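Below is one structure, written out as structure tokens, with a few remarks after it.
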Amino acid sequence: MTVAAATGSPVDGLLATASIVLSLLLAVWSLVSATRNRPPDRWQLIGLGVLELLLLALAVVALVAIAGGDRPGEPGAFFGYLVTLVCLPPLAAVLARMEPTRWGSAIVCAVCLVTPVVVVRLQQTWEVLGG
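In this note's numbering, the protein residues as written are 3 to 133.
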């Protein structure tokens, strides 16, 4: 029995929860760095990499479920959120590297605060018509 089968949706469960928790922890860490007037450090970028791996795994699980016959309630919105979700951490990493000041840490913080919202919207668009 898979995580998706237990919850009824491939985008609910352990991967989604782990990505939300990691994203929020990284947001707090980046906020502290920004308020201390520090640029993004290597560990913030590593955290973004780990977050990206979790989000890619979530995307693969969703795509496998779709290939298996499951359908999201709002396919257009679902795929839009899915693409946005996997693009956010790399975008944050590139922008943070381009801005080696406290604002780089602020960029990481902002993206890490948006990511959980996009994960929740992804879950909501799957469940509109019952999955």
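Using N, Cα and C, we set each Cβ at its ideal position, and we do this for glycine too. All of these numbers come straight from a predicted model, not from anything done at the bench.
Determine the direct distance from the alpha carbon of residue j to that of residue i, and round the result to whole angstroms.
i	j	result
residue 77	residue 129	11 Å
residue 64	residue 13	6 Å
residue 24	residue 10	23 Å
residue 54	residue 37	25 Å
residue 109	residue 69	35 Å
residue 8	residue 42	Any reading at residue 8 must be qualified, since the residue scores a pLDDT of 42, below 50, and its modelled position is unreliable; the value itself is stated next. When rounded, the distance between both Cα atoms is 38 Å.
residue 132	residue 66	Below a pLDDT of 50, predicted positions are generally treated as unreliable, and residue 132, at 47, falls in that range; the measurement from the model is reported next regardless. Distance between the alpha carbons of residue 132 and residue 66: 18 Å.
residue 97	residue 35	16 Å
residue 27	residue 50	11 Å
In this structure, how does DSSP classify residue i when only helix, strand and coil are distinguished?
i	result
residue 11	coil
residue 54	helix
residue 42	coil
residue 73	coil
residue 102	coil
residue 133	Here the model assigns residue 133 a pLDDT of 43, short of 50, so the residue's position is not dependable and the matter cannot be decided.
Which whole-angstrom value describes the C-beta separation of residue i and residue j, a residue pair presumed to lie in contact below a C-beta threshold of 8 Å?
i	j	result
residue 89	residue 32	Between residue 32 and residue 89 the Cβ distance is about 18 Å, and since that is not below 8 Å, they are no contact.
residue 93	residue 124	At roughly 17 Å, the Cβ-Cβ gap does not stay under 8 Å, so residue 93 and residue 124 are not in contact.
*Could you say if the region 79-86 and the region 15-22 meet the contact criterion of at least three C-beta pairs nearer than 8 Å?*
no
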